[in-house]
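K.L.:
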Amino acid sequence: MTIKKLNLVLLTAVILSLCSCNDKQNTGTKSSNEAVTRDVFAMDTYMNLKVYSDDAETVLNEAEERIYQLEKELSVTSENSDVWVLDHNKNADISDDTARIIRKAVDIGSMTNGALDITLYPLVREWGFTTGEYSIPDKKRIDELLKNVGYERIKLNGNKAELSENAEIDLGALAKGYTGDEVIDIMKSHGVSSAIVSLGGNVQALGSKPDGSSWKVAVRDPFSPEKDMCVVEISGKAVITSGNYERFFTGDDGRNYWHILDPKDGFPADNGIVSATVIGDNGLECDALSTAFFVMGLDKIKEYLADNPENDVILVTDDRKIYYSSGLSDKFTNISDMPAEVTAID
Amino acid sequence: MTKGVKILIAAAALLFVGSLVWILLSFRDSDSTIVEVVQNNKVIYTFDLSKEKDRTIRVNAPDGGWNDIKIENGTICISDADCSDHTCVKTGVLRSEQIPIVCLPHRLVIRYADKRDS
C-alpha cells in the first residue's frame, strides 16, 4: 500500500469518525431528544409534564391551559364549575368533559357493584377530607348522609345532568386520570412521540423513551410512602395508584382514617387493600378502577379482572404482600422487603 | 512494516482512544446527587449534594411565605416552612427521582436534576 493510498484511507476514517461524532452530538443536543419539563400547580396537586419535542414550549403551553380549563370545569369547590352548579342546583348543562367523566364513573360504579361512587361527596366532606378539618363523624350522621349516596341518583342525558335531592358529586377520583388522557392527546396532536406526565403521582406515558426503551415508573411503598416499592416498565400506558397513605389523619383513638371511603358504610374502606395500582391504556378508567379496587378487596378484584382483563394491577394487602397480574411478569421489579407474587387473575 | 502502515496503526489507535474517551464522556452517569430547587418553574438553585456543605437556606416565596431548605450529610429536605399544611416538611429528605419534595402553597419543588431519559 502506498503512502498516498494510506493517507486516503486515513482521511476517510477520520471523516467517518467525525461524522459519527457529529451525529452523536446532534442526538444529544437536538431539542427533540432533550426533555423539556413544566411544573403545573392545579387541581390541588403538583403536576410535572416532560416532553421531547422540537416544539415543546407550544405543546406544554397548550397542555397547561387545558389543565386549567379542566380544573375550572371539574372543581367541586370553584363556584360556577360544572360540578359546583350541579351539586347546588341539582341540574346543569355540563361540558363534554364533565359528561364523559360522569358517564365513566357511573359505568365503573355499575361494573364494580358500587365500589366507586362519586355521590359519596357529602361524607368525604363530613370527614373533613375536603377542608383539612378532620373529624370522625358519629354513626348516626354517617347513616343519615348515606341515604343520599348511590350512583343511580345521577341522571345523564347528553350534556344535561341531574341529581336527586340532597345528592352531591365529586369527580376527584377520576379527574386526574381524564386530565392525563387529555394532556397526552394534546401531545399526540403535535406529533410528539415521547413524553411522560405525573399528575399528583398518577403517571401517564406517551410512547417510549426517545431511545426506544420503556419508561421505568416507581410505585410507592404504602408502608413507607417516602420510598419506592417496585418499578414497572411501561410504554404508552397510565400507572395510577390509590393508597391509604395519600390523605389521612390520625384520630383521637390513635387509628388512621384515610380519604377513600367505602360506599357501603361511609367509613374509610378497610377491606385488606392498602394500595391499588392500575396500569392500562386509558387514564380515566385506570383512575376510576384504582379507587374501586381499593374499596373492593382482593377477592372481588380478582373476580372483576377475570371478566375484564384489559388492565394490569399491582396490589398491596394489609398483611404486607404484593400481588401483581401476570401481564406485568417481565415488567415488574420488586425493590421492597415485601414478598411479591403473580396473582392468577388473567 | 512500512512507514505508512505504522502511521495507519498509530492513527487507528488514536481514533480508538479518542472514541473511548468520547464514549466515556458522553455516557457517564449524570450524577444522581445533583438536585434542583424550582420555584414557579424557575430553577433557583442547583446543588451537588456530594459537594455541598451542611447548611440551611431560606427561600422566600413571591407571596411572602418561606421555606427553609436544609442540606445535611449529602441529603436535602425542607426543615421548616410557614405554609399551612407542612406537607413539604413531612416529606422528609429527598429519596426518589419520582417523588419530589413539593410545597404546593409556595409552588416550590426540590427534585433530582434530569438524568437524561429516566
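Just so you know, the sequences run in chain order A and B.
Quick note: the first sequence uses our numbering, first residue 873, plus one each step.
Quick note: the second sequence uses our numbering, first residue 331, plus one each step.
Here a beta-carbon is modelled for each residue, glycine too, at the ideal position from N, C-alpha and C.
For the candidate residues A:V931, A:P1140 and A:I1194, whose alpha-carbon lies nearest to that of A:D1057?
P.N.:
A:V931
K.L.:
Under 8 Å between C-beta atoms, does A:N898 make it to chain B?
P.N.:
Caution applies to A:N898, whose pLDDT of 33 falls short of 50 and renders its modelled position unreliable; the model cannot decide the point.
K.L.:
Would you give the residue range spanned by the alpha helix (DSSP H) that A:Y940 belongs to?
P.N.:
Note, A:Y940: alpha helix (DSSP H), A928 to L946.
K.L.:
Between A:I1145 and A:L1187, which are expected to be in contact by the criterion C-beta below 8 Å, what is the C-beta distance as a whole number of angstroms?
P.N.:
Sure, about 6 Å apart at Cβ, within 8 Å.
K.L.:
Starting from A:T970, trace the alpha helix (DSSP H) both ways and give me its first and last residue.
P.N.:
Start and end: D968 to M983.
K.L.:
Could you please tell me which residues of the segment 1106-1132 of chain A, in chain order, have their CB closer than 8 Å to any CB of chain B?
P.N.:
none
K.L.:
Provide the residue(s) that pair with B:I339 in DSSP beta bridges, ordered along the chain.
P.N.:
Beta-bridge annotation (DSSP): B:I339 is not paired with any residue.
K.L.:
What residues of chain B sit near A:F913, judged by a beta carbon separation below 7 Å?
P.N.:
The contacting residues are L434 and R437.
K.L.:
Can you give the beta carbon distance from A:I1112 to A:C1158, rounded, assuming they're within the 8 Å contact cut?
P.N.:
4 Å
K.L.:
So A:S1066 and A:S1085 are supposed to be a Cβ contact under 8 Å. How far apart are they, rounded?
P.N.:
The Cβ separation is near 11 Å, so there is no contact.
K.L.:
Please specify which runs of the beta strand (DSSP E), each continuous and at least 3 residues long, are wholly inside the segment 1070-1150 of chain A, giving them in chain order.
P.N.:
1074-1078, 1087-1093, 1096-1106, 1110-1115, 1120-1122 and 1128-1130
K.L.:
Kindly give me the distance between the Cβ atoms of A:S1114 and A:F1166, rounded to whole angstroms, as I take these residues to be in contact under 8 Å.
P.N.:
4 Å
K.L.:
Going by the DSSP bridge assignment, what does A:N1180 pair with across the sheet?
P.N.:
Per DSSP, none; premise fails for A:N1180.
K.L.:
Determine the contact status of A:E1054 and A:R938, defining contact as a CB-CB distance below 8 Å.
P.N.:
Yes, Cβ-Cβ distance for A:E1054 and A:R938 is below 8 Å.
K.L.:
How many Å lie between B:L355 and B:K381 at the Cα?
P.N.:
Any reading at B:L355 must be qualified, since the residue scores a pLDDT of 44, below 50, and its modelled position is unreliable; the value itself is stated next. Using only the alpha carbons, I get a separation of about 20 Å.
K.L.:
Apart from the five residues just before and just after A:V996, which ones in its own chain have a Cβ nearer than 7 Å to its Cβ?
P.N.:
T1002, D1042, H1131 and L1133
K.L.:
Compare the C-beta of B:I408 against all C-beta atoms of chain D and say whether one is closer than 8 Å.
P.N.:
The structure shown contains no chain D; its protein chains are A and B.
K.L.:
Can you tell me the Cα-Cα spacing of B:V373 and A:V1021, whole angstroms?
P.N.:
So the two alpha carbons sit approximately 46 Å from each other.
K.L.:
By a C-beta neighbour count over all protein chains shown, 10 Å radius and 16 as the cutoff for buried, is A:G900 buried or exposed?
P.N.:
With a pLDDT of only 34 at A:G900, under the threshold of 50, the placement of this residue in the model should not be trusted; the figure read from the coordinates follows. The residue is exposed, with fewer than 16 neighbouring Cβ atoms inside 10 Å.
K.L.:
Beta-carbon of A:G1199 versus every beta-carbon of chain B: anything under 8 Å?
P.N.:
no
K.L.:
When you compare the CB positions of B:V389 and B:L438, do they come within less than 8 Å of one another, or not?
P.N.:
Yes, the Cβ-Cβ distance between B:V389 and B:L438 is below 8 Å.
K.L.:
Note down the Cα distance separating A:A964 from A:C1102, rounded to an integer number of angstroms.
P.N.:
43 Å
K.L.:
Along the chain, where does the beta strand (DSSP E) containing A:N1038 start, and where does it finish?
P.N.:
Neither: A:N1038 is in no beta strand (DSSP E) and is coded neither H nor E.
K.L.:
How about A:R975: is its C-beta nearer than 8 Å to some C-beta of chain B?
P.N.:
Chain B, which has no Cβ nearer than 8 Å to the Cβ of A:R975, makes this no.
K.L.:
Could you spell out where the beta strand (DSSP E) holding B:R388 opens and where it closes?
P.N.:
R385 to N390
K.L.:
Is it right to say B:V335 is buried, meaning 16 or more other beta carbons lie within 10 angstroms of its own, or is it exposed?
P.N.:
By the neighbour-count rule (16 or more Cβ atoms within 10 Å), B:V335 is not buried but exposed.
K.L.:
Cutting at 6 Å between CB atoms, please list the residues of its own chain near A:A987, excluding the five before and the five after it.
P.N.:
A1164, V1167 and M1168
K.L.:
Taking contact to mean 3 or more Cβ pairs, one atom from each stretch, closer than 8 Å, check whether the segment 944-959 of chain A and the segment 1066-1078 of chain A are in contact.
P.N.:
no
K.L.:
Can you confirm whether the segment 1016-1030 of chain A touches the segment 1121-1131 of chain A when touching is taken to mean that 3 or more C-beta pairs between the two stretches lie within less than 8 Å?
P.N.:
The segment 1121-1131 of chain A vs the segment 1016-1030 of chain A: no contact.
K.L.:
Which chain A residues sit within Cβ distance under 7 Å of B:R425?
P.N.:
The contact set of B:R425 on chain A, defined by CB atoms closer than 7 Å, consists of E1098 and K1099 in chain order.
K.L.:
Report the rounded CA-to-CA distance for A:E1005 versus A:M1210, giving the unit in angstroms.
P.N.:
34 Å
K.L.:
Quick check on the DSSP output: the beta strand (DSSP E) that includes B:F377 runs from which residue to which?
P.N.:
K372 to D378
K.L.:
Around the C-beta of B:L344, are 16 or more other C-beta atoms found within 10 angstroms, so that it is buried, or is it exposed?
P.N.:
exposed
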